[in-house]
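Heads up: the structure comes next, in structure tokens.
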Amino acid sequence: MPSGLASYIARRLLIVPFTLLVISFAAFSLGRYAPGDYVAAQAPPRANQETIDRIRHERGLDDPVYKQYVRYMGNLLQGDLGISQNPRGVPVEDVLLPRLWVTFQINALVLIFTWVIGIPLGTWAALKRGTWLDPFAIGVFLFLASIPVLVSVPLLEWVLIVKLKLLPTGGWSTAEYLGVELGVFSKHAVLPVLVLTISGVAGLARYMRAQVLEVLDQDHVRTARSKGLRGDVIVMRHVMRNALLPIVTIFGFELAGLIGGSIFVETLLGIPGVGQLSFQAVTTRDYDTIMAIVLLGSTIFVLAMLTVDIAYGFVDPRVRSGGSVQS
Amino acid sequence: MESRNLVYVLTGIAVALIVVIGGLVLLVSSGGDGDDDGSSGGNGDASPTLGARVEGELRIPGGDPITLDPACATDIESASYIIEIFSGLVGYDNNLELIPDIASEWDVSDDGTVYTFHLRTNVLFHDGSRRVASDDFKYSMERALNPDTASLVADVYLGDIVGVDEFISGDASEVSGIKAPNPDTLEITIEKASPVFLPKLTYPTAFVVDRNETEGSSCFDAGWTFSPNGTGPFELAEWDLGNAIILEPNPDYYLDPKPSLSKITFLLSGGSSFTMYQNDEIDITGVGKDNVESVRDATNELNAEYRFSTTLSVSYIGFNVNQEPFDDPEVRRALAMAIDKEFLTENLYKGLLDAADGILPPEMPGHNPDLQGIPYDPDAARDLLDDTGKRDLLEDVTILTSGQGAAPDDVLQAITAMWEQNLGLTITVEQEDFALLTQDINDGNFDMFSIGWIADYPDPQNFLEIKFHTDSSNNDVGYSNPEVDRLLDEANGDLSDEERFELYQEAEQIIVDDQPWIPLFFGTSSLLVKPHVQGYEAAPFAIPNLRYVSISD
């Protein structure tokens, strides 16, 4: 391994804990400075103000934010993610992990479908440049990528569930295979995967098409073509490989998004995933759950980006020299 | 060249659009007339694969409860599960009658302050290990009141008992007013006679819990509630977070009728419950504004399954009556007079809510059908407001409401539009999280606010004294009227219900004349219930009603 690359990786690794620390503090204080807290959120109008204040005090919610942050981080470093407030008193990991698993299953399937369909589709559209098929395909992609899930979910729901009665109405299956809960093989998974795949494919295909077009115009492709290489060889060896490089970054983002969850799709279809949990946690000021979601999400994101950066470092010497090219 | 490409792009969009819309149109037209019987017949056909139901099972939509700890519950959602799993000394039946529960009977001392409860001897905890004795109640109530338990409401429902303050402040190690002289007898002494002490005991904070699993636990430690050892008609078989709560009947249940359902599944996940109902995935669903008109149509096959009833709740606009210009009853009346409530119920709520003239809902014992409300009269409202000379003071006022949306809900928009149109006032609506709203209301940090109130027990005291007595901590508008206080105090005396209700009606009329609130609507419940569900009655507030339900398969 060249020494430049090693120090490049070391530099990148050093930044990771620092980034996470900044994120954790920002998320923590933003949450605490938002008006109201979970005790106030759960106090019914009947509750006595003195009782509310007493419990708030006992929970340390009236301490300065930096104190609460230090306490939280202290617990976190000992592996204590805190307790959920909705349901109240359940360890955060017990609430979060099952939902994480649901979201992960959906998004993993979506990721596979998106890439298997989107990459060839985008390449195909680019190769049809000059014919009516290319702009036509762009139109279709543009349309599909622009339908908000708030529209596509109810539409598909109405067609597939109400009219054709092919699918159950939202929710999630807890069916087990070999002792593992794998709801993704049930009919419940069809609609969320379909909706997310459609918009994913359309977006990725458009991006891939643009990349392929750019590469097609480059000198080495023209040279290859003038050498008389076969069309499919040019496409596979010279065009797609180069066009895919920048797209790897997108893959990194999507990897990180595996546990992100879609607030809209999950809430509309009543799927107990991370997206639905985030929404619920924010509205009930469920501090520890919010922090766990944010920290887990940002850790995975930072690591995915790190992997992408390091991969670039191997491929592109300009990156590790640490200057002109930023990613 | 460029423009030709653009044409192709647009063609692509158009084709995609046509495919989508065309497909939909095709579906509608092909489904068209066959659709109506398609869905009714389809219910039977499609259901076996989708929502398989075991014999005697009831499937209802639900939400994850915030807690299943009776000492800690503060919301209806949580209470609706707790009342089926746990039980207390007394309860309510579907007719809103207070009935004996674990206490088979009770004596009250002549001065009305000492209650002697005689407990049934055949009440077992779900695990069958032992019977419920009076010291279990003493333990449970003291646990709820213990500051370490951190209950937000125990002091509200059990605060009448002698010695509670000393116990909460740590000056006493037990609540002196709760005594268990022998296993079958529980003696509770309250500070002063109160007609609503028994009703307060129907709230979950007074329910009995098993000492062996709850000792040392607090509201922020829910571990034991996943396998609670209760005493109620149903046992918790499973709580799968976010997916389902499953209840099974308690074979040792002590009241009649005993539960006859073999299983109750509360589905915590899932999409629109109305669609799930149509797909035969659930047996009961609520009906919202969007669907109620079609369901009420007599030609709709769902119409026969539609049930409409009222609940013990009211929504209202509260004024800060200690602040200008709302300290002037004329200003409050003028604002009330400019709201056309009938128009709102018909057009915005599609008749789902009843317009409210007074404070007490129609189903509430003591409701006064002859109450004089403030009628809608825009011209009189304008004159009244002009006479007060306080129009200028209404320029910068805001009305607080809960919400996160881009626009406040339709009703408040319509009300502010009526004020603008009828009175020429521009009143701003400010949306906040519910948590913040209740805090601002508690702090008196508002001009006006919009919120609702739902009964804990069916007694006028629960609305009138709690919301309007000068000394009540829940009197959030700060209303104070010595005459009203006198009537409310008198109604707490040792009187017959008729005498008490008369006093409450008198107080309610004064309150309505003063309009510290503009009462808007009484709550109702619109449900669809499958024909095979027998004996289900919508409860106007949290009442354990599932043991009356059976399934005719």
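Top to bottom, those sequences are chains A and B. Using this note's numbering, you'd call the opening residue of the first sequence number -16 and step up by one each time. Using this note's numbering, you'd call the opening residue of the second sequence number -17 and step up by one each time. Beta carbons are placed, not taken as given, at the ideal position from N, Cα and C, and that holds for glycine.
Outcome for residue i when other beta-carbon atoms lying within 10 angstroms are tallied against a minimum of 16
i	result
B/L510	buried
A/V163	exposed
B/D137	buried
A/M288	buried
B/D281	Strictly speaking, residue 281 of chain B in this sequence is Thr, with Asp absent from that position. By the 10 Å Cβ count, B/T281 comes out exposed.
B/D441	buried
A/E249	buried
A/H40	exposed
B/E541	Missing from the structure shown is residue 541 of chain B; chain B here goes from -17 to 535 and no further.
A/D271	buried
B/F248	buried
A/H203	exposed
A/A114	Note that residue 114 of chain A corresponds to Thr in the displayed sequence, not to Ala. Exposed, by the Cβ-count rule.
Chain-order list of residues whose beta-carbon lies under 7 Å from that of residue i (same chain, five-residue window excluded)
i	result
B/H100	A85, S86, E87, W88, D166, T167
B/G70	D83, I84, L183, T184, A188, F189, V190
A/R279	The sequence shown places Leu at residue 279 of chain A, rather than the Arg named in the question. Cβ within range, chain order: I242.
B/K271	Y331, K332, L334
B/W401	L317, A320, L407, I409
8 Å Cβ shell around residue i - same chain, five flanking residues per side excluded
i	result
A/F96	V176, T180, G183, V184
B/D415	S384, Q386
B/S133	A53, C54, A126, L127, T187, C201
B/F68	P52, P186, F189, V190, V191, P210, G212, T213, G214
B/L32	Confidence at B/L32 is low in this model, with a pLDDT of 40, below 50, so its placement is unreliable and the value that follows should be read with caution. Excluding residues within five positions, the ones whose Cβ falls inside 8 Å are N261, D262, E263.
A/A48	The sequence as given places Val at residue 48 of chain A; Ala does not occur at that position. Hits under 8 Å: F11, S12, R15, Y16.
Member of the options whose CA lies at the smallest distance from the CA of residue i
i	options	result
A/Q25	B/G4, B/I48, B/E39, B/V1	B/I48
A/V257	A/N90, A/L149, A/R54	A/N90
A/G153	B/P186, B/P43, B/M346	B/P43
B/V157	B/V138, B/L134, B/L127	B/L127
B/E39	B/I246, B/L353, B/A521	B/I246
B/V494	B/R314, B/N444, B/G198, B/A320	B/R314
B/I3	A/L139, A/R37, A/G14	A/L139
A/L143	B/E124, B/T257, B/A154	B/T257
A/R224	A/M191, A/R213, A/D20	A/M191
B/F179	B/E283, B/P513, B/Q443	B/Q443
B/A362	B/E312, B/L394, B/D392, B/G340	B/E312
B/D467	B/I448, B/Y439, B/Q354	B/I448
B/V393	B/E328, B/D109, B/Y74, B/L237	B/E328
A/A9	A/A(-7), A/S(-10), A/M56	A/M56
A/A128	B/T207, B/A(-2), B/N164, B/G252	B/A(-2)
Beta-carbon gap between residue i and residue j smaller than 8 Å
i	j	result
B/I423	B/D458	yes
B/A489	B/L477	no
B/S497	B/A338	Here residue 497 of chain B is Gln; the residue named in the question, Ser, does not match the sequence. Not a contact, by the Cβ cut-off of 8 Å.
B/V96	B/V105	no
B/N76	B/I533	no
A/Y336	A/F11	There is no way to answer for residue 336 of chain A, as the model of chain A reaches only from -16 to 310.
B/F181	B/L80	As written in the sequence, residue 181 of chain B is Pro, which differs from the Phe given in the question. Yes, the Cβ-Cβ distance between B/P181 and B/L80 is below 8 Å.
A/R71	B/A204	yes
A/L165	A/Q88	yes
B/T506	B/S291	yes
B/G224	A/P81	yes
B/V411	B/T398	yes
B/S60	B/V269	no
A/L125	B/I(-5)	yes
Own chain partners of residue i with C-beta closer than 6 Å, once the 5 adjacent residues on each side are dropped
i	result
A/D117	A108, K111
A/Q259	E249, T250
B/D265	L40, R41, K512, V515
A/I6	S281
Worksheet entry | Residues of the region 249 to 269 of chain B with Cβ closer than 7 Å to any Cβ of chain A, in chain order | Those residues of the region 249 to 269 of chain B placed with their C-beta closer than 7 Å to a C-beta in chain A are L249, S251, G252, G253, S254, T257, M258, Q260, N261, E263, ordered along the chain.
Discussion item. Beta carbons nearer than 8 Å to chain A: which residues of the region 456 to 471 of chain B have them?
Written reply: If the cut-off is 8 Å between Cβ atoms, the region 456 to 471 of chain B has N456, D458 near chain A.
Fill in: Positions along the region 143 to 160 of chain A whose CB lies within less than 7 Å of some CB in chain B
So the close ones are I144, V145, K146, K148, P151, T152, G153, G154, W155, T157.
Fill in: Residues within the region 85 to 104 of chain B neighbouring chain A, beta-carbon criterion of under 7 Å
If the cut-off is 7 Å between Cβ atoms, the region 85 to 104 of chain B has nothing near chain A.
Item to complete: Give the residues from the region 252 to 275 of chain A that approach chain B closer than 9 Å (Cβ to any Cβ), ordered along the chain.
Response: Those would be L252, G253, I254, P255, G256, Q259, L260, Q263, T266, T267, R268, in chain order.
Discussion item. Residues of the region 165 to 192 of chain A in Cβ contact with chain B at a cutoff of 7 Å, in chain order, please.
Written reply: Per Cβ criterion, the list is empty.
Worksheet entry | Cβ-based contacts, 9 Å cut-off: residues of the region 135 to 166 of chain B near chain A | Going along the region 135 to 166 of chain B in chain order, one finds V135, A136, D137, V138, Y139, G141, I150 with a Cβ nearer than 9 Å to chain A.
Worksheet item: When Cβ atoms are compared, which residues of the region 108 to 121 of chain A fall closer than 7 Å to chain B?
Response: In summary, the residues of the region 108 to 121 of chain A whose CB is separated from some CB of chain B by less than 7 Å are W115, P118, F119, A120, I121, in the order they occur in the chain.
Worksheet item: the region 34 to 66 of chain A: which residues have C-beta closer than 8 Å to a C-beta of chain B, in chain order?
Response: Listed in sequence order: T34, I35, R37, I38, E41, R42, I66.
Discussion item. Against chain B, which members of the region 208 to 227 of chain A pass a CB distance test of less than 7 Å?
Written reply: Listed in sequence order: no entries.
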